[in-house]
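What follows is a single structure, written as structure tokens, with notes after it.
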Amino acid sequence: MYFDDLTPSTGCREPRAWLRSSRPRLSLNGRWKFELWSDPADARAVPDVREDCGELEIPGHWVLQGHHRPRYTNTAFPFPIDPPRTPDANPTGDHWRWFDLPDDWPADGAVLRFDGVDSCFKVWLNGTEVGAAKGSRLPSEFDVGELLRPGRNLLAVRVHQWSSGSYLEDQDMWWLPGIFRDVTLLARPLIDDVFVHADYDHLTGSGRLLVETETGAVVRIPELGIEIAAGVPVTLPAVEPWSAEAPRLYDATVAVPGETVELRIGFRTVAMTDGLLTVNGRPLFFRGVNRHEHDERRGRALTVDAMRQDLVLMKQHNLNAVRTAHYPPHPAFLDLCDELGLWVIDECDLETHGFIYTDWRGNPADDPDWAPMMLDRMRRMVERDKNHPSVIVWSLANESHRGRNFGTLAGWTRERDPSRAVFYERDRSYEFSDFYSLMYTPLEDLEAIGTRTEDVPPETADDPALETRRRGLPFVLAEYAHAMGNGPGGLADYQRVLERYPRLQGGFVWEWIDHGLLLPGATDHVYGGDFGERVHGANFCIDGLLFPDRTPSPGLIEYKKVIEPVRITGTEPLTIHNLRTFTALDDLEFVWSEEVDGVEVRAGQLEVPEVGPGESVGVRLDIRAPGDVVGERWLTVRAVLAKDEPWAEAGHEIAWAQFALPSAPPKDPSPVRVPVVHRAGDLVLGGGEFDRRTGRLMRLFGVPVDGPRLDLWRAPTDNDNGQGGRNAVVTEWRTAGLDRLLHRVDEVETGERELVVRTRVAPDGLGLGVRATYRWVALGDCLRLTMDVVPEGEWGGTAVTPRCGSWPRVGVRMAVPRSLDNVRWYGGGPGEAYADSREAARVGRYVRTVDELQTPYVVPQENGSRIDVRWAELTDADGNGLRVAGSPSFQLTARRWTSEDLELARHRSDLSSRDHVYLNLDLAQHGLGSASCGPPATAQHALEVAPRTFGLLFRQLGAT
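Encoded structure:
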């Protein structure tokens, strides 16, 4: 069958650029009739019109419109591996629609274009077979002029979910069949193709233009006064170059009698110079992200509005590059990259990852029989996208191992378009790539790569010439910082290493958006396994910097801070560093404010002289403290847009920094210690009422409470769980029994003015544990708790138990009435932060409700911690409640469910509010890392098993 063979297509036209033409066009998007077959053998020979069938919206996927179900896998093919054959159970959808040909439609022919059909399709027009094609994320065009009729016409399309092409499309995403991009009828083009060559000479400022197209065509660029014949090169003495920082485009046309094609031309030159990727003579640094196309309701059938929203968010969060993982995007997305300014690595629709389960036996990459299929995909991408200045690198594929066919793809690409670089990460010889690249590289390995002292890979160990070439290549992290769930941690550590060494030209975080799907009528986003399928990738698709509804996650906020293109250090002098490659900072204003204990006392604007790209300048600012200032003084300096940009309004923040300023220490009032009062059955110490036997706090300033009690456990994050058991720190935590700790009271010691409760906290079945001592003192109207935590026993492991070197958290948990719903705090905020994801937390005063403190991860897990909290207040609607201060500061979480509830939940609807608010007041938590696919939290951010002491001071708020 055609869907099982190795023929890329039948009846298709030669690939060409995606052009905006004046020739008539007719959109065939909209409502189509639809009939689904579970087996192609059951389908009729030719789709016939049946008005009693269902309907679909096109572009769209039938599995998201009530027909069958979507399926997610990460690496595994969802069918037996037997290339190029597909299973008998191959869902096949027949689509058809009537359309009316306009009366004035040209009589000289027509082209039918499909911009994306997953995964193989055949087309009939008015009952006559037109052709068939594979290559889901690539355009296919058919000549249909002879088949068109005046007036009413019938178009039928049969789509197969599985085909031989599916073996090339194992791209860690939902398998979503259907006609998911535009369908368009085009009047026969008189300008069949255009190839724009627009180079920039950074030494002279001149541009060189050559437009290849039909003989006799005229090229016009009114702004430059250009009107020349196509095919004639011209040198322009002065042009403004295109870059991601200054995306200068010139409107142009290419015209022949009867047709005009509109172009947007950007002058720029890509070159590999002295072992680095350069554009316009300067080395680039990628602050990038990998982007799948995804919409929570529409799957990969994205609207242009959603594409623009993606790019606006990228620009607003300081990203400058996107890798189109792992296929070419909708062509409108690249138009927007040209317009708004992002560097693009355009990746071919090719990944054979599932062959890891055969040890790469049968992998198409090294089978010459598959070369035509692979080259067809590369050609269609390059030809379609060749006129985009934003596209500076062609990527051959993703995670498809090694093979001679990549040599074929690279050779053709370099011959067809020598003006761009070529990228491929997974062949570790890099013989076909202009880059050395890895994924999820540990920091110590990244340091070695930066100094070119990395280990020799096995693939080049026996080929000195190939190894010499590899070691001379620039390095780009194809993927890093896996943004799955709460995380990624360690972004700042990566950025410091990446910026330290010129060879390291940045990287691309994995990935842009969570792939959660919101099916009709549902409230929870689904992921792999939610349909009872046995082979699936679970929630590994929930790994984005955006939530499925395109709301930025804390990970994106952190990334924005880490990759700021302006760095502010100081304070004597305050120094502004321009980390941009091409542009000065004259589009920015610099404003400052001074706060004392979170309250603004002074503010102003800095006068900053011109700062060129890569330059720094010192700025003087009077930061002397008035003599009577008592409290914490903080200086905040912000770089904001001076005027509106296409992607943000004036005032949008680009970068910021905070500096602690000298101040007089607050006076210590030395309050009187209050004595312990013995009552029947309980003890009273200041505002605390304690159980006489257990020493448990029962009421705090009249408020019923449960706790505080030592807590070492957290609901595991996706990164705690690791990837398939690898790097899973939660394994050592569970083995040490930290998820089943039991509390025993050893002694309640009552002094005249102090209550001491000594406990041991340990799991059943093991000898290790923790001695936890609670020391309570009443100081005037406050109640102070000092906690001493001392580990004992075999934390280092035994002959039968492994070492446990870290704790998830160390702090106390307590429950308070649910009416204490309003939270006000002074410390890090406004969003959540952890040991290795705290760069975006700035010191200030913040107000949230308990519900607003939650981070709505698709899969519930530890979240919502506010870091460096000096004090926090929890009050009811009348302002009554409690205040807690830290000694030192603490981490605060407040939620309506317990850590155990979070751990058991698989979707957000699994969480039900309890009758209390549960507080965690932590000295510290373990870092996040990115071990869901990558390294765990580094030792620097690990919460080591060790003796700890911390204090909390409680005070009543409101009515007595």
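Here the sequence shown is numbered in this note's numbering, starting from 17 and rising by one per residue. Heads up, the beta-carbon is just placed ideally off N, CA and C, and yes, glycines get one too. Note that the structure is predicted; figures quoted are calculated from it, not measured.
I'd like the span of the alpha helix (DSSP H) that includes residue i, first residue to last.
i      : result
Gly466 : Leu459 to Gly466
Leu959 : Note, Leu959: premise wrong, no alpha helix (DSSP H); not H, not E.
Cys353 : Pro347 to Leu356
Tyr510 : Leu507 to Arg516
Thr751 : Val745 to Thr751
Gly427 : Arg420 to Arg432
Lys150 : Counting along the chain, Lys150 falls outside any alpha helix (DSSP H), though it belongs to the beta strand (DSSP E) covering Thr144 to Lys150.
Ile361 : Note, Ile361: premise wrong, no alpha helix (DSSP H); beta strand (DSSP E) at Trp359 to Glu363.
Val578 : Pro570 to Val578
Asn838 : Note, Asn838: premise wrong, no alpha helix (DSSP H); beta strand (DSSP E) at Asn838 to Gly845.
Is DSSP giving residue i helix, strand or coil here?
i      : result
His694 : strand
Trp663 : coil
Ala481 : helix
Glu228 : strand
Arg396 : helix
Thr340 : coil
Glu669 : strand
Thr368 : strand
Gly181 : helix
Leu192 : coil
Arg924 : helix
Leu561 : coil
Asp613 : coil
Met7   : Beyond the ends of the chain as shown, which are 17 and 976, falls residue 7; an answer cannot be given.
If you count every other CB in all the chains shown that lies within 10 Å of the CB of residue i, and 16 or more means buried, which is it?
i      : result
Lys576 : buried
Arg436 : buried
Met17  : exposed
Ala752 : buried
Ser43  : exposed
Val615 : exposed
Tyr456 : buried
Trp811 : buried
Trp112 : buried
Gly560 : buried
Pro824 : buried
His980 : Outside the modelled stretch of the chain, which goes from 17 to 976, sits residue 980, for which no answer is possible.
Val525 : buried
Gly132 : buried
Need the endpoints of the beta strand (DSSP E) that residue i sits in, please.
i      : result
Tyr934 : His932 to Gln941
Phe491 : Phe491 to Tyr496
Val582 : Val582 to Thr585
Arg712 : Taken as a continuous stretch (DSSP letters only), Arg712 belongs to no beta strand (DSSP E), as it is neither H nor E.
Ser411 : Val407 to Ser411
Pro904 : Gly897 to Arg911
Lys138 : Cys136 to Leu141
Gly967 : Arg964 to Leu973
Asn594 : Leu590 to Asn594
Starting from the C-beta of residue i, find all residues in its chain whose C-beta is less than 6 Å away, skip the five residues before and the five after it, and write them out in chain order.
i      : result
Leu754 : Leu728 and Trp729
Ala671 : Glu580, Val582 and Ala655
Ala901 : Trp887 and Leu969
His369 : Thr91, Asp186 and Glu415
Leu335 : Arg303 and Val305
Phe491 : Tyr452, Ile465, Arg519 and Leu520
Gly544 : Tyr88, His552, Gly553 and Ala554
Here's a check: name, in chain order, each residue in its chain whose Cβ is nearer than 8 Å to the Cβ of residue i, leaving out the five neighbours to either side.
i      : result
Asp385 : Leu22
Ser881 : Glu848, Ala849, Tyr850, Gln907, Leu908, Thr909, Asn936, Asp938 and Gln941
Excluding the five sequence neighbours on either side, which residues of its own chain have a C-beta within less than 7 Å of the C-beta of residue i, listed in chain order?
i      : result
Ser135 : Lys150, Ser152, His176, Gln177, Trp178, Ser179, Gly181, Ser182, Glu185 and Pro193
Asp461 : Glu470
Glu73  : Arg47 and Gln81
Tyr373 : Ala92 and Ile97
Val79  : Arg85, Pro86, Leu192 and Pro193
Within the present structure, is the beta-carbon of residue i separated from the nearest heavy atom of the ligand ATP by less than 7 Å?
i     : result
Thr26 : Here there are no bound small molecules, and the ligand ATP is not part of this structure.
Which whole runs of the alpha helix (DSSP H) in the stretch 254-332 are 4 residues long or more, in chain order? 320-332
Start-end ranges of the beta strand (DSSP E) lying completely within the stretch 27-113, minimum 3 residues: 41-43, 46-53, 70-74 and 87-89
Which full runs of the alpha helix (DSSP H) of 4+ residues lie inside the stretch 764-791, going along the chain? none
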